[in-house]
Amino acid sequence: CRAVLDVAAVPRPREAAMGDWLTCFPGFAMLTADAPGAPPLAAGPAEGAVCGELSTGEGVGLRWPDGDITEAVTSTVTGMGPA
């Protein structure tokens, strides 16, 4: 499946600029999926939030506050097959 992340909705510390936050852990993120309206999963010391959507297709898009989408990954991400 394809993921589109709303960049402005990604949780971050108040003190961190979004660009700094997105690049301080290169190559690492944890995304979970659940039914619409479900409560966030327990995240321990981390924070969970609704920050995007899944759709048909493959890859990952980054949706910016102006609505533009940057294709960050254009093929499969995990190679684990269809969701």
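The numbering of the sequence shown is our numbering, which starts it at 280 and goes up by one.
Idealized CB from N, CA, C, for every residue including glycine.
1. Just the Cα atoms here: how many angstroms apart are Ser354 and Pro324?
2. Do Val283 and Gly316 come within 9 Å of each other at the CB atom, strictly closer than that value?
3. Under three-state DSSP, which class holds Gly323?
4. Under 8 Å by Cβ, that's how I've got Val286 and Arg342 pegged, so tell me the actual separation to the nearest angstrom.
5. So, with DSSP's three-state summary, where would you put Ala288?
6. What are the boundary residues of the beta strand (DSSP E) that includes Thr341?
7. Is the beta carbon of Cys280 less than 9 Å from the beta carbon of Leu333?
8. What did DSSP end up calling Leu301 once you bin it into helix, strand or coil?
According to the structure shown:
1. 32 Å
2. no
3. coil
4. 6 Å
5. helix
6. Here the sequence assigns Leu to residue 341, which means Thr is not the residue at that position. Its beta strand (DSSP E) spans residues Gly338 to Arg342.
7. yes
8. helix
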